[in-house]
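When you line the sequence shown up against our numbering, it's residues 8 to 159, in that order.
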Amino acid sequence: MFCSLLIDKGYKASPLKNSKDGTEIIQVQPENLVDVAILLKMHKEAQFILLYSVTGVDYPDKFELIYHLQSVKLNKKLILKSHIDKNNPEIDSLAQVFATANWHERETYDLLGIKFNNHPDLSRILLPNDWKGHPLRKDYVMDDERLVWNER
């Protein structure tokens, strides 16, 4: 339903298999993500005014970013997915479109090292500022002495 709206507006979008609860999942190009988000937020047939989750997955050859949107007025949910290059893990921030993207993108940056271009404060949010690496990456080595758990 919403994938056809994006295609009609000229965006390269691919429908993926719906989630188990029937939520539509759409693959979008990373360079179109901000424009797609604005369209889905502002279009009268969509009205996805709430971004309630941003997360990422580390695959062997790419990162996948997953955005969960909600249209409160239409009582609809939507999932957007976008793949980015593992050697240059960056994508434009949605913080200017959805205020809630701010902390979600910071968490994704903190744990996966994905850079969100034009983010207002892309800094660590969960780990200490001096933490080395990004612990949800497959290539992360857990050798920091702060990881030692000592029960007494």
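For every residue, glycine included, the Cβ atom is placed at its ideal position computed from N, Cα and C.
Since the model is a prediction, treat every value here as computed from it, not as a measurement.
In this structure isoleucine 14 does not touch leucine 23 by the C-beta definition: roughly 14 Å separates them, more than the 8 Å allowed. The beta-bridge partner set that DSSP reports for valine 61 consists of Tyr74. Counting only residues of its own chain and dropping the five nearest sequence neighbours on each side, leucine 133 has a CB closer than 8 Å to the CB of Glu114, Asp117 and Leu118. Bridge pairing for proline 22: Ile33 [DSSP]. For phenylalanine 55, there is no enclosing alpha helix (DSSP H), as DSSP marks it with neither H nor E. The beta carbon of alanine 108 is closer than 7 Å to those of Leu58, Val61, Ser100, Leu101 and Ala102 in its chain, skipping five residues each way along the sequence.
The C-beta distance from leucine 129 to isoleucine 98 rounds to 12 Å, too long to meet the 8 Å contact threshold.
Just so you know, the alpha carbons of lysine 88 and histidine 111 end up roughly 15 Å apart. The beta carbon of histidine 90 lies closer than 6 Å to those of Lys69 and Glu71 in the same chain, with the five residues before and after it left out. Within its own chain, the residues whose Cβ lies closer than 6 Å to the Cβ of serine 21, once the five positions on either side in sequence are excluded, are Gln34, listed in chain order.
Within the same chain, Cβ atoms closer than 8 Å to the Cβ of valine 43 are found at Leu13, Tyr18, Ala20, Val35 and Leu87, the five residues on either side in sequence being excluded. The straight-line gap separating the alpha-carbon atoms of methionine 8 and proline 135 is approximately 43 Å.
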